[in-house]
Structure formats: C-alpha cells, structure tokens
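Which chain is which? The protein sequence lines are A and B, in order.
Reading the first sequence from the start, the letters are residues 1277 to 1324 in my numbering.
Reading the second sequence from the start, the letters are residues 439 to 766 in my numbering.
Even for Gly, the Cβ is constructed at its ideal location relative to N, Cα and C.
Remember, it's a predicted structure, so these values are computed and weren't measured experimentally.
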Amino acid sequence: MVDFIRKPFIVIAWDDLKKVMKSPPKVKEEDLRLIIPAMALSDVHTGL
Amino acid sequence: MSERHLFGIIDDLRSDIASLKEFFRIARSGDLKTSELVSRLEYVLSEVESDLDLRVRLCKYLPSIKRRRVAYKELYTRILFNLRQHRQSIYLLYMVYELISLREKARENVTYRRFLDLADKYVDSLTEALNMPTDLLIIVAPQSEYASLPILSKRAFIVMLPPTNLAKPWKWVLLSHELGHLYFQYYRERILIRILPAIEEELRDVVRDEEQVKGYVSLWGEYWLQEIVSDIVAVSLCGPAYLKMLITEATEPKPAQVYGAHPPLDARALAQMTYMKFTGAPDELMLIMERVWREFRNGVLEMDSLPDYLNEEIVRRVSWLTLFESHL
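Right, here's the structure in full:
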C-alpha cells in the first residue's frame, strides 16, 4: 500500500536542504526551493 | 414591464468593460508574466462583450412576447442572471487590475523588482514540484496579507503576500500554503468525495444532534478541509520551515480557538506533523518539526483543547486520507 504514496518534495530533498543550511552562499538561484526554507529554518537571512 | 432597466445595465457594463480595457492597456508592461495575465484577462473582457451583444438581441426580442407574461418574466430573469454573472466578472477583473497595479508599482523599485522576479520563480518551482499543469500562469502580487485569487477559467492564479514581506524571502514559504489552495481547487471534487464522508463519520461519534453534524460537515467542506489540505501541501513542500513561519505569521495567543474559515493553530500544526509522520519523513525532520512546535506551544498559557467538531481524531484522519492523494 505504501507504494502508492509519493514522497513529498521536502522528504526527498531533506539531505540537500541540510547541505544548503550549512553553506547557503554556494547555492545558485535555481535552488530556491531549498534556499527559502533553509533561510527560514536557520535564521540566516543573507545570501539571496 | 419594460426592458429599459436591462438596457441600462448592459450600457453600464459596456462602459465598465471599456474602462477596464483602458486600465489593462496601461497596466501592460515589459514584464512577461504581467503581460501574459493581461492578455488572458483581455480575452475575458472580449468574451463578456460578445455575450452582451447577444443579451441585447434577447432584450429586443422581449417586447414580442410581452403578452405571454410568464415567458416574458422567465426570459427577463434569465437575462438578469446572466448580466449579474458579468457584473461579478467585472468586479473580479477590477480586483485583478488593482493587484497588477500594485505589482507594477513595486517593480518600479530595482530591489523589489528583483525580489518579485525571485518570488515568481520560487512559486513556479513549487508548482512544478506539485505536478500541477504546466500551462498555469501563477503570478505574485503584493497585498495586505497572504492570500490567493484563482481565475481558473483562464488558468491563472494570483498569490499575494504583504509588501513588507517582499524583502523577507524566508517568509515566502507561506506562499506554499496559497499554492495549496490552488491544489485544492483543482482536485476539489476528488478530495471532498474521499475525505468528507470520513469527517462526517467521526463527527457522529462526538456530536449527537443531527442538525449540528450537518452544520459542521458543511463548515468542513466549505472552509476547514481546504485550509488543512493547504497546510499539508505547504508542509510537503517546505517541511518544518513552513510550520515555523506559520507560527510567526499567525501570532496566535489562543491556539485552540476557531476563527471562522481557519481551523485552530493546534489543529493545523497537528495535521502537518501527522502527515509528515505518515509519509515516513526522516527522524531528524520530525524532531525539528516537533521542537519548533513545542518551543512555541509550551510557552502559551491556553489550556483549552480542540473543540469536538475539530478534534484530534478528525484531524489525524484527514491527514491520513490526504496522504493517499498521489499528486503530493
């Protein structure tokens, strides 16, 4: 039954999001789906 | 009996359309998204205009059936219904015009223009992650609060955020909730058919009065389910960051309180955490979510629990059923 469930984006991207939280300045604009929540979670509000 | 009033309404609508056409012509800008939206809306105006021509012909036909009073009144009323629909379309287009104007005003500033471009790009990428149709035009506009305006007949959707939040991109995760409303609008029938009967079943366990059950089912179908599903869409896209910014934006000293269309914050947080748990989210993600919520909730004095008609069992069941909406 679990096979029918599509993993949410955030679950699939969680490891990448953690990387972004560690080094936001290296990330390009294409990764906004990661940068924006990373900024919200880390309280680091620079780099965009 | 006279058709004079109908002609008066038609003339008034025609002059509104002419004004709106002029407003949209002025609002059209070098910005591709604004321009595309204006084109789609101008098409709506042309459609209304053509239909008004047809109504004029019907109005001219009315005197010939004046002696058949019932037939006359039926047609007269039908024309009125139709004209009222056009009136509502024009109100909607005025609202859209105001939003476009605010967007263009903000774009005059270089910094805000860059932020708006990024916000547009951000919502497009979230929409893509949601597997929504690719021909949807989604456009960000500043307004007093986070909100959305669907114009689904033209496959357009406006998401709004306060102008003060334009330069605070970390708060844009809240736009994902607005996209949740778009998701709900698209799959409304399917979601309601799947989830509303389960809600009704749960309600019957806790609410004895049949009329009350019907009333609460109606409120769930009209408002609360859409909000919970929108939160689930948002958390599926942004995770704990969404819950954190929701707590910030809601600024809620009474998290068990129901405010009209919105379920209590306690219910919204529970739905998000339950859903993420059901998806098999990583432990670390869950720990952060629970910590974010606990840090806030433990500080609030309110001891009330959720009302029966929005209780934890119902919220958990909604989260579970939403899990099987494969598009998420």
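Contact annotation, Pro701 of chain B with Glu665 of chain B: C-beta distance approximately 6 angstroms; criterion of less than 8 angstroms satisfied. For Ala679 of chain B and Glu728 of chain B, the gap between their C-alpha atoms comes out near 12 angstroms. Shown in chain order are the members of the region 553-570 of chain B whose Cβ falls below 7 angstroms from a Cβ of chain A: Leu556, Lys559, Tyr560, Ser563, Leu564, Ala567.
Under the Cβ criterion (8 angstroms, minimum of three pairs), the region 656-670 of chain B counts as touching the region 620-632 of chain B.
Asn603 of chain B counts as buried, since no fewer than 16 other beta carbons sit within 10 angstroms of its beta carbon. In the DSSP assignment, Val476 of chain B forms no beta bridge with any residue.
Between the alpha carbons of His619 of chain B and Leu613 of chain B lies a gap of roughly 10 angstroms. Proximity of chain A to Ala719 of chain B at the Cβ level (cut-off 7 angstroms) is accounted for by Val1287, in chain order. Collapsing the DSSP output to three states places Met598 of chain B in a strand.
Across the set B:Ile596, B:Asn547, B:Val651, B:Arg735, the C-alpha of B:Arg735 shows the shortest separation from the C-alpha of Pro691 of chain B. C-alpha of Asp573 of chain B to C-alpha of Ser473 of chain B: approximately 15 angstroms in a straight line. Ile517 of chain B places its beta carbon less than 8 angstroms from that of Leu444 of chain B. For Ala705 of chain B, the enclosing alpha helix (DSSP H) starts and ends at 703-716.
With contacts defined as CB atoms closer than 8 angstroms, Val534 of chain B and Val561 of chain B fail to qualify as a contacting pair. Secondary structure at Pro580 of chain B: strand, using DSSP grouped into helix, strand and coil.
Within the same chain, Cβ atoms closer than 7 angstroms to the Cβ of Asp454 of chain B are found at Ile528, the five residues on either side in sequence being excluded. Taking 8 angstroms as the CB threshold, Gly737 of chain B stays off the interface with chain A.
Asp1292 of chain A and Leu564 of chain B have their alpha carbons spaced roughly 16 angstroms apart. Where Ser586 of chain B is concerned, there is no enclosing alpha helix (DSSP H), although the beta strand (DSSP E) around it starts and stops at 585-589. From the listed residues B:Leu725, B:His615, B:Lys652, B:Glu733, the smallest Cα separation to Leu684 of chain B is found for B:His615.
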